[in-house]
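What follows is a set of notes on a single structure, which appears directly below.
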Amino acid sequence: MQQNRLVWLWFTPVLLLLGAVYIVPVLDVARLSFSDATLLRPVTAYGLQSYRDMLGGDSLGTILNTTAVFTLLNVLGLQLVGMGIALLLIRGENRRLRGMSVLRIIVLAAWVIPGVANGLIWQMLFSEAPFGAINSTLRLIGLPGVAWLSDPTNAMMSAVIANIWQGSAFSMIVFYAARRAIDPVLYEAASVDGATPAAQFVFITLPQMRGALLVNTVLVTIQTLNTFDTILALTGGGPGRATEVLSLNIFNTVFYGFDLGGGSALAMLLLAISMALTLIYLSILMRRGART
Amino acid sequence: MTPIRPNRLALSVAALMLAAPTAVLSQDLITRDRVGPEDAPNVMTFRLTAYDLYSTDPATRETFEALFTTFILANPGWRLETQLATDNIGQEQARMLEQVGAGRGPDCAMIDSSALGLFKSAGVLQPMNAYFTQDQIDDMFPFVRDAVSDADGNVLAWWWFTSLQVLYRDTALVPDAPQTWAEVQDAALVTVAAGREGILFNGGRWEGTTFDWLPNFWAQGGEIVDAEGRPVFNQGDNREKLLAAINYYKGLVDSGAAPARVTTIVNYDEFSAAAAAGTAGMFIGGNWQYGQLRSTLAPEDFANWELSELPGPTPDQRATGTGGWTIGAFSDDPEKVRLCAQIVWDIYAIDGNAFQGLLPTSAAIYDQFDAYDGPEYDAFAAALVNGVSRPDAAIYPEISNQFQIMLGQVLSGAATPEAALDAAAAAVDAAFARL
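In the order they appear, the protein sequences are chains G and A.
First residue of the first sequence: 1402, per our numbering; consecutive thereafter.
First residue of the second sequence: 45, per our numbering; consecutive thereafter.
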């Protein structure tokens, strides 16, 4: 009992620090979300008006839909690409191929690039000007140019590609570590039994990496929901609202509309969505964990 | 306080005398975040753009280093802590307003003219009247004086240069300046037939898109806000005028006179790049781009490029947006406000403008320098007659944001002009109600 009390005593500084850094700002945003604060004047009244305006706004449905599409495509893409690179690295290392370290560094290099820089890089690549990088290459080989950013549907796909390019390194690290932790005896036994590589992947790799997949899904989902810097630099949310996700809409509400209360209400909505998805994933994880 | 009365001759002589040793001196006095001795007891923070003292162009940087060195030597005991503003104007200015409100803003800063109304309505700018003579104030262009003054006649910032949009064209393809919207489309289609992009303009999500398009609305006499700053662009005749302006751009894209990629353009440099690559026939750009073209293009190519006033729905209906930058003081320390005013006049408003070929806001300055003798300045002066500045209203940034969305949706085919306009008006009205 005495020992338990001491444990909490040692935890106190960390809890205070985390509280100051994370919980206080969240509570302040929650307070502002019930206020009429703007960037031009302080709070004059509290109430539910920000939430009423948010839910009654014409654009919320479009923005949530855009956010859902962007998040879904990214979560799928990040998992697939991350898994692909991780398995490629493992396979290469098992065969003692040269260049695996270089490949890992190249993938990680994309990860450390700031989101805004990532957006600018892809903006140059996707440029639809006659001298745009990708379109010029396509024309060189006789293919027509693509409206990467000016077509609303393509603009979403371009934003997804840019985000996956940058973010897949994180998934790769998670999957690489999880794959390395699988006992090689399982694969040796499967090989002896004549299992094909595809069968080994389906019946050994995937089940063994279930925990990593779920954890990665949680983290990547939250990360993607909060992504706005890459989109801001790449498309600014356009054309029109084609790529305006919720986090970017929060930014625009506060810094163009100066609506601190409305922006805070949207931020609380984003927080609620993130927490709900996290709880769903965690419940699945715990249920599966209990079963295995 | 004694108004600043700079002796122009003395300043010029001092600048010349300092020119040689400045290169050495400025190495100590000017760093990436400081102007003046490191141990100076008095500090003023100054937020500036990256186009002068920290320009990537060596000649510009050296000129402004000399001007800042002269300035700081004339103010012993002071140093400036310089803060570089980002080039995303809307966000930068909004962030600065938030910082000023929280007491963390700079003492003196460059404020984009589009955001001046915002800072005025927030009541954070300190009057600068005491540091300028009445002659200096009277010599400002009327639209500039109105914009920088409050109801009591206080000068809350100094608009040190203005800018305007013009139509650039390659005369090898478009010899005569288009006068109307219809002529623009016809001329652009000629350049498309010659294998180039017809006409380029800003159409992406940034302030430049709204600002470059609004003259088409203003040329018809449209008003964005009323005298009280309430949005009225979707009311009465304004709605029809706004729809006409949208349909002008829509017609350009639908006909192929403008490429669909205009909805991705968020930077004036795209136009200079297209001109340099020889891929564009016309573009709507800023007056400052004329100098850029001169320094970028080969002389024989540059000779083909001319500028003219923005076309209107009819030859008699014209407008251009007047932009530019102001400098204002947020500090309540009179000494810092004085220094801020001195920076305006001693560095930017006269010598800085003349060097960069920017458009001063005081009529008398044009006569002082040969730099303003070129024929392009005659065209700028003619266009300035129809100059309109952005509304002095706190709701303007949100109006601009919604217009960017509206144009993007229409030009990409995601919405009809009417539906996009109604959505923009509803969003602006909701934002205005909460402001």
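We put the CB at the ideal spot given by N, CA and C, even for glycine.
For the structure I just gave you, are there three or more beta carbon pairs, one from the segment 111–125 of chain A and one from the segment 368–387 of chain A, closer than 8 angstroms? yes
Under a Cβ-count criterion, where at least 16 other Cβ atoms within 10 Å of its own Cβ denotes burial, should G/Val1513 be classed as buried or exposed? exposed
Beta-carbon neighbours of G/Gly1500, restricted to chain A and to distances below 9 angstroms: What G/Gly1500 touches in chain A: nothing, since even the nearest Cβ is about 36 angstroms away.
Are there 16 or more other CB atoms within 10 angstroms of the CB of A/Gln333, so buried, or fewer, so exposed? buried
Cβ of A/Ala427 within 7 angstroms of Cβ of A/Thr364? yes
Of all the residues that make up the segment 135–148 of chain A, which are near chain G by a beta-carbon distance shorter than 8 angstroms? Gln135, Ala138, Arg139, Leu141, Glu142 and Gly145
Name the DSSP bridge partner or partners of A/Phe424? Answer is none; A/Phe424 lacks a bridge partner.
Would you mind giving the Cβ-Cβ distance between A/Leu479 and A/Ile328, rounded to the nearest angstrom? I have them listed as a contact below 8 angstroms. Their Cβ separation, rounded to whole angstroms, is 30 angstroms, which puts A/Leu479 and A/Ile328 out of contact at 8 angstroms.
When the Cβ atoms of the segment 1411–1419 of chain G are set against those of the segment 1621–1636 of chain G, are three or more pairs found closer than 8 angstroms? no
Taking A/Asn445 as the query, report the chain G residues whose CB atoms sit under 8 angstroms from its CB, ordered along the chain. Asn1653, Tyr1657 and Gly1658
Host alpha helix (DSSP H) of A/Asp214 (start-end): Not the alpha helix (DSSP H): A/Asp214 falls in the beta strand (DSSP E), residues Trp202 to Asp214.
Closest Cβ-Cβ distance between G/Glu1529 and chain A: below 7 angstroms? yes
Alpha helix (DSSP H) containing G/Gly1493: first to last residue? Leu1461 to Asn1495
Between G/Ser1451 and the rest of its own chain, which residues show a CB-CB distance below 6 angstroms, the 5 nearest in sequence each way excluded? Ser1434, Gly1662, Gly1663 and Ala1666
When DSSP builds the beta bridges, which residues end up paired with A/Val87? A/Arg123
So G/Ile1574 is in the alpha helix (DSSP H); what residue range does that whole segment cover? Pro1553 to Arg1581
With 9 angstroms as the limit, tell me which residues of the segment 1504–1531 of chain G have their beta carbon closer than that to any beta carbon of chain A; keep them in chain order. Gln1524, Phe1527, Ser1528, Glu1529, Ala1530 and Pro1531
Which residues in chain G have a C-beta closer than 9 angstroms to the C-beta of A/Pro441? List them in chain order. Phe1656, Tyr1657, Gly1658 and Phe1659
Considering A/Glu5, what are the terminal residues of the alpha helix (DSSP H) in which it resides? Nothing can be reported for residue 5 of chain A, as the shown portion of chain A is limited to 45 through 479.
Between the Cα of A/Asp412 and the Cα atoms of A/Gln400, A/Phe424, A/Asp395 and A/Asp422, which residue gives the shortest distance? Going by the sequence as given, residue 412 of chain A is Gln instead of Asp. Answer by Cα proximity: A/Asp395.
If you measure from the CB of G/Pro1585, is any heavy atom of the ligand ATP nearer than 6 angstroms? Looking for the ligand ATP in the displayed structure turns up nothing, as the structure carries no ligands at all.
Just to confirm, is the Cβ distance from A/Ser433 to A/Ala191 under 7 angstroms? yes
Got a sec? Which residues, its chain only, sit under 6 angstroms from A/Asn348 by beta carbon, not counting five neighbours each side? Asp214, Thr215 and Ala216
Starting from the beta carbon of A/Trp250, find every residue of chain G whose beta carbon is closer than 7 angstroms, and list them in chain order. Gly1637
Quick one: give me the first and last residue of the alpha helix (DSSP H) that A/Thr114 is part of. Pro102 to Leu117
Which word fits A/Glu314, buried or exposed, when buried means at least 16 other C-beta atoms lie within 10 angstroms of its C-beta? buried
Taking DSSP's pairing of strands, which residues face A/Pro275 in a bridge? A/Val269
Can you have a look at G/Ile1681 and say buried or exposed, based on whether 16 or more other CB atoms are within 10 angstroms of its CB? exposed
Measuring only between beta-carbons, confirm whether A/Gly452 sits less than 7 angstroms from chain G. yes
Please compile the residues from chain A whose C-beta is within a distance smaller than 9 angstroms of the C-beta of G/Asp1429. Those within 9 angstroms of G/Asp1429 in chain A number zero; the least Cβ separation is about 13 angstroms.
Taking Cβ to Cβ, would you say A/Thr253 is nearer than 7 angstroms to A/Gly242? no
Out of A/Ser99, A/Thr100, A/Thr93 and A/Ala166, point me to the one whose CA is closest to A/Phe374's CA. A/Ala166
If you follow the alpha helix (DSSP H) that A/Ser316 is in, where does it begin and where does it stop? Asp313 to Ala321
Buried versus exposed call for A/Arg240 [16 or more other C-beta atoms within 10 Å across all chains shown]: buried
8 angstroms Cβ shell around A/Tyr312 - same chain, five flanking residues per side excluded: Asn246, Gly252, Gly329, Gly330 and Gln333
Close Cβ partners of A/Leu455 (< 6 angstroms) along its chain, the five nearest in sequence each way excluded: Gly247, Val297 and Thr307
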